[in-house]
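**Q**
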Amino acid sequence: RYNKYSRELPQTPWIVEGERKQSTSVQELLSAILNNTIKAQDLKFSSSGREDVDVRCLGVGRPFVIEFINPRHTLLTQTQVAVLQCAVNESTHLVKLRHLQIVDKKDVKYLKEGEEEKTKTYCALCLSTQGYNTAALDKLNELSEVSVEQKTPLRVLHRRPLATRTRIVHTITAVPIDLHYFKLYLMTQAGTYIKKFIHGDLGRTNPNLRQVIGVDLDIVALDVENVALDWPPKCSE
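Now the structure itself:
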């Protein structure tokens with residue numbers, strides 16, 4: 001699993017029309033040191049979902065796999081793998097590795113299960129410029145097992161087909177900070193667009209929390225707190 005502590009770090013190389021948008025990525029930070037030892041010709045990065053550039057991934061981290069293609073070195077002991085994990089963690093403060101291990105290719109199926117079937121927990125810092133009252137947060141705290149219809153977000157329509165997906169928001173807990181800010185803790189079905197569920201994405205997500213409380217609402221910061229997947233097995237650290 002990996003943790004991501006930066007709000008300016010994409011999961012994979014972010015290149016648009018040949019122009020690099022960020023200097024590095026989670027994939028590159030993790031794979032560079034590993035491949036210095038493994039010396040593969042190429043690699044493929046896969047994970048159980050993905051977070052946006054400006055979203056941190058905290059808690060026990062997000063499960064992932066790096067497939068090294070045509071590697072020169074394959075016979076690594078778990079002790080050697082643990083040394084590589086330490087080397088990655090000492091090389092950067094932007095990400096952290098945990099439970100690094102060699103897995104069988106057939107186990108990659110667990111990542112796909114996590115993308116659709118499991119739950120994920122988030123913490124969102126929300127802002128209402130016009131302010132909110134206690135009754136508004138009470139409405140949020142009364143919500144559970146909300147069925148949400150989400151159209152493909154506007155920002156990715158250029159690369160994804162238009163579709164409507166149903167996702168379940170299992171629990172919502174709203175905690176006030178001041179007259180304009182509050183924290184929102186959510187447990188949702190994997191694949192839920194959290195930001196869109198909060199501000200509505202111009203009506204493309206229904207219901208959305210802006211509708212529920214009847215005031216303007218936006219998200220300032222988002223953290224992934226937990227990706228509920230019983231994989232990979234834990235390693236002693």
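The sequence shown: position 120 = 120 (the UniProt record's numbering), numbered continuously. For each residue, glycine too, the CB sits at the ideal point set by N, CA and C.
What are the partner residues of isoleucine 146, as DSSP defines its beta bridges?
**A** As a working mapping, residue 146 is identified with position 146 in the sequence shown. This sequence places valine at residue 146; isoleucine is not what is there. Bridge partners of valine 146: Val169.
**Q** Please tell me whether glutamine 189 and isoleucine 219 are closer than 8 Å, where the distance is taken between their beta carbons.
**A** Here residue 189 is taken as the residue at index 189 of the sequence shown, counted from 1. Here residue 219 is taken as the residue at index 219 of the sequence shown, counted from 1. Taking 8 Å as the Cβ cut-off, glutamine 189 and isoleucine 219 do not qualify as a contacting pair.
**Q** When DSSP labels each residue in this structure, what does lysine 31 get in the three-state scheme?
**A** As a working mapping, residue 31 is identified with position 31 in the sequence shown. Inspection of the sequence shows that residue 31 is occupied by serine rather than by lysine. In this structure, serine 31 counts as helix in the three-state DSSP scheme.
**Q** Given a cut-off of 8 Å on the beta-carbon distance, is the pair leucine 127 and histidine 180 in contact?
**A** Here residue 127 corresponds to residue number 127 of the sequence shown, with the count starting at 1. Here residue 180 corresponds to residue number 180 of the sequence shown, with the count starting at 1. Yes, these two residues count as a Cβ contact at 8 Å.
**Q** What residues in its chain sit with their C-beta under 8 Å from that of valine 103, if we drop five residues either side in the sequence?
**A** Stepping through the sequence shown from its first residue, residue 103 is reached at position 103. Once the five neighbours on either side are set aside, the close Cβ partners of valine 103 are Val65 and Pro232.
**Q** DSSP three-state call for residue 246: helix, strand or coil?
**A** Since the first residue shown for the chain is 1 and the last is 237, residue 246 is missing from the structure and cannot be characterised.
**Q** By a C-beta neighbour count over all protein chains shown, 10 Å radius and 16 as the cutoff for buried, is lysine 105 buried or exposed?
**A** The residue labelled residue 105 in the question sits at position 105 within the sequence shown. Looking at its Cβ environment, which holds fewer than 16 other Cβ atoms inside 10 Å, lysine 105 is exposed.
**Q** By Cβ distance, which residues of its chain are closer than 8 Å to proline 63, with the 5 residues on each side in sequence left out?
**A** Here the question's residue 63 lines up with position 63 in the sequence shown. Arg1, Ser47, Ser48, Tyr110, Leu111, Gly114, Val227, Leu229, Trp231 and Pro232.
**Q** Would you tell me roughly how many angstroms separate the C-alpha atoms of residue 238 and serine 147, rounded to the nearest one?
**A** Past the boundaries of the shown model lies residue 238; the chain is included only from 1 to 237, so the question cannot be answered.
**Q** For cysteine 123, count the other beta carbons within 10 Å of its own beta carbon; 16 or more makes it buried, fewer makes it exposed. Which is it?
**A** Against the sequence shown, residue 123 aligns to sequence position 123. Its Cβ being crowded by 16 or more others within 10 Å, cysteine 123 is buried.
**Q** Any idea if glutamine 27 is buried or exposed, counting beta-carbon neighbours within 10 angstroms, 16 or more meaning buried?
**A** Indexing the sequence shown from 1 puts residue 27 at position 27. By the 10 Å Cβ count, glutamine 27 comes out buried.
**Q** State the start and end residues of the unbroken alpha helix (DSSP H) segment that holds serine 91.
**A** In the sequence shown, the residue the question calls residue 91 occupies position 91. First-last of the alpha helix (DSSP H) with serine 91: 78-91.
**Q** Would you tell me roughly how many angstroms separate the C-alpha atoms of asparagine 206 and phenylalanine 197, rounded to the nearest one?
**A** Within the sequence shown, numbered from 1, the residue matching residue 206 stands at position 206. Within the sequence shown, numbered from 1, the residue matching residue 197 stands at position 197. Each residue's Cα considered, the two are about 8 Å apart.
**Q** According to the neighbour-count rule (16 or more other Cβ atoms, all chains shown, within 10 Å of its Cβ), is serine 25 buried or exposed?
**A** Your numbering for residue 25 matches position 25 in the sequence shown. Classification of serine 25: buried, given that the 10 Å Cβ count is 16 or more.
**Q** Can you find the residues in the same chain that come closer than 7 Å, C-beta to C-beta, to leucine 43, ignoring five residues on each side of it along the sequence?
**A** Numbered from 1 along the sequence shown, position 43 holds the residue referred to as residue 43. Result list for leucine 43: Ser31, Asn35, Ile66, Glu67, Phe68 and Ile69, in chain order.
**Q** From what residue to what residue does the alpha helix (DSSP H) around glutamine 211 run?
**A** For the purposes of this step, residue 211 is taken as residue 211 along the sequence shown, with counting starting at 1. Residues 209-213.
**Q** Span of the alpha helix (DSSP H) holding threonine 134?
**A** As a working mapping, residue 134 is identified with position 134 in the sequence shown. Where threonine 134 is concerned, the enclosing alpha helix (DSSP H) stretches over 134-141.
**Q** Using 8 Å for Cβ pairs, my map puts lysine 140 next to valine 212. What's the rounded Cβ distance?
**A** For the purposes of this step, residue 140 is taken as residue 140 along the sequence shown, with counting starting at 1. For the purposes of this step, residue 212 is taken as residue 212 along the sequence shown, with counting starting at 1. Correcting the residue identity first, residue 140 is leucine in this sequence and not lysine. 7 Å between Cβ atoms; contact.
**Q** Alpha carbon to alpha carbon, what distance is there between aspartate 178 and arginine 56?
**A** Start at 1 with the first residue of the sequence shown, and residue 56 comes out as number 56. Start at 1 with the first residue of the sequence shown, and residue 178 comes out as number 178. The alpha-carbon atoms of arginine 56 and aspartate 178 are separated by roughly 23 Å.
**Q** For isoleucine 66, list the residues DSSP reports as bridge partners.
**A** Locating residue 66 in the sequence shown gives position 66, where the first residue counts as 1. Phe45.
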